[in-house]
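Undergrad:
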Amino acid sequence: MSNIYKVLSSFGLSDNETKVYLEAIKHKEISPFKLARLTGIPRTTVYDVMMSLALKKLITIKTSQGLEKQQTWIIAKNPSILRETIFERKHDLTRLEVDIVDILSDLKGEYLAHENNAYMRFLPGIEGIKQAYSILKQLPPEVQIYYFDHMMPMDTLGKTYINQEVSQSLKGREHKKRVKTIMPLNDWTRHVLTYQYGRNKSYIDYHEYRYIENAVFNLAYDMYVFSDKVVMICAKDDEVWASVITSKLVSASFKSIFLTLWQIAAPVTKEFVEGLGENEFLREEKRRKK
Numbered sequence: 001m002s003n004i005y006k007v008l009s010s011f012g013l014s015d016n017e018t019k020v021y022l023e024a025i026k027h028k029e030i031s032p033f034k035l036a037r038l039t040g041i042p043r044t045t046v047y048d049v050m051m052s053l054a055l056k057k058l059i060t061i062k063t064s065q066g067l068e069k070q071q072t073w074i075i076a077k078n079p080s081i082l083r084e085t086i087f088e089r090k091h092d093l094t095r096l097e098v099d100i101v102d103i104l105s106d107l108k109g110e111y112l113a114h115e116n117n118a119y120m121r122f123l124p125g126i127e128g129i130k131q132a133y134s135i136l137k138q139l140p141p142e143v144q145i146y147y148f149d150h151m152m153p154m155d156t157l158g159k160t161y162i163n164q165e166v167s168q169s170l171k172g173r174e175h176k177k178r179v180k181t182i183m184p185l186n187d188w189t190r191h192v193l194t195y196q197y198g199r200n201k202s203y204i205d206y207h208e209y210r211y212i213e214n215a216v217f218n219l220a221y222d223m224y225v226f227s228d229k230v231v232m233i234c235a236k237d238d239e240v241w242a243s244v245i246t247s248k249l250v251s252a253s254f255k256s257i258f259l260t261l262w263q264i265a266a267p268v269t270k271e272f273v274e275g276l277g278e279n280e281f282l283r284e285e286k287r288r289k290k
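Residue numbers for the sequence shown follow full-length UniProt numbering, so the first one is 1 and each next one is one higher.
#1: Looking at N78 and V49, is the spacing between their C-beta atoms short of 8 Å?
#2: Starting from D228, follow its DSSP beta bridges and name the residues at the other end.
#3: Would you mind sorting L96 into buried or exposed? The rule is 16 or more other CB atoms within 10 Å of its CB.
#4: Please classify G172 as buried or exposed, where buried requires at least 16 neighbouring CB atoms within 10 angstroms.
#5: Taking only runs of the beta strand (DSSP E) that begin and end inside the segment 69 to 102, which ones reach a length of at least 3 residues, in chain order?
#6: If I follow the unbroken alpha helix (DSSP H) through L123, where does it start and stop?
#7: DSSP three-state call for T269: helix, strand or coil?
#8: Quick check: I145 and P184, are their CB atoms within less than 8 Å of each other?
#9: What residues are listed by DSSP as bridge partners for D222?
#10: Can you confirm whether the segment 116 to 124 touches the segment 190 to 200 when touching is taken to mean that 3 or more C-beta pairs between the two stretches lie within less than 8 Å?
#11: On the criterion of 16 or more Cβ atoms from any shown chain inside 10 Å, does D222 qualify as buried, or is it exposed?
#12: Kindly indicate which residue of F226, E84 and I61 has the alpha-carbon position closest to the one of V179.
#13: Along the chain, which unbroken stretches of the beta strand (DSSP E) at least 3 residues long are found entirely within the segment 125 to 149?
#14: Distance check for N117 and K26, CA to CA, integer angstroms please.
#15: From which residue to which residue does the alpha helix (DSSP H) around I204 run?
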């Protein structure tokens, strides 16, 4: 019985409506007076409930002229009317949904006029890239970052600047592995990976690196996804710029793409990097410093 009450409540009946309806379906017809006596609901309230159930098409109200006064009878409809009503509501809700969609753009035009919760900053040139790196360096240690790493070349920003950025990022990191990094594995990324690992063995400890060895997967710029932001940094060929997108939806979308790729990517380990061999560029640098 408790489940019946719960379902009828979900259908939209109040407690009193449920009590009156459940009593009414037990009888071919029943008077308000008898309903009040059987349900314990005051007769004046029963009349209000009767009208409400009639409007919901669950009962019909019949009146007849007796010898002394008018008689009122309640006749419950077949309970199948409940399902028929649900089907009618589905059709009505579908029609309403179409109407709502037609006016949503107008309503949102008014709502979004005072709501700016997403925006993009374009940061051109080398100075723009440095601004983007500055934003990343100021992030609290506990912030989780999802990093698409194409391995920034030294051509534009210079070897000294790139190496300093890497060294600073490795210094004093108490919260290791707060950055998940995916990179394509190709000749260029092998070179950068072995070069930076050769400079500092902790290079692969700060980030949790994984790689995808597939020619189809290629990156032309770096992208950092965290919180509600996406930071893009490009310094390749004749494109030198950075951008900061603030958007929960854009960030969530790129995070989803990242985590999908993460499942198929392979981990970068000490054994893997050392198996790639010594970096020739680093070896030449060290030779010249002697």
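Glycine included, every Cβ here is placed at the ideal spot set by N, Cα and C.
Computed from a predicted structure; not experimentally measured.
TA: Let me spell this out:
#1: no
#2: BP columns for D228 are empty, so no partner.
#3: exposed
#4: Here the model assigns G172 a pLDDT of 47, short of 50, so the residue's position is not dependable, and the following value carries that caveat. Flag for G172 reads exposed.
#5: 70 to 76
#6: It is not in any alpha helix (DSSP H) - L123 instead sits in the beta strand (DSSP E) that spans Y119 to P124.
#7: coil
#8: no
#9: I233
#10: no
#11: buried
#12: F226
#13: 145 to 148
#14: 57 Å
#15: Y203 to Y206
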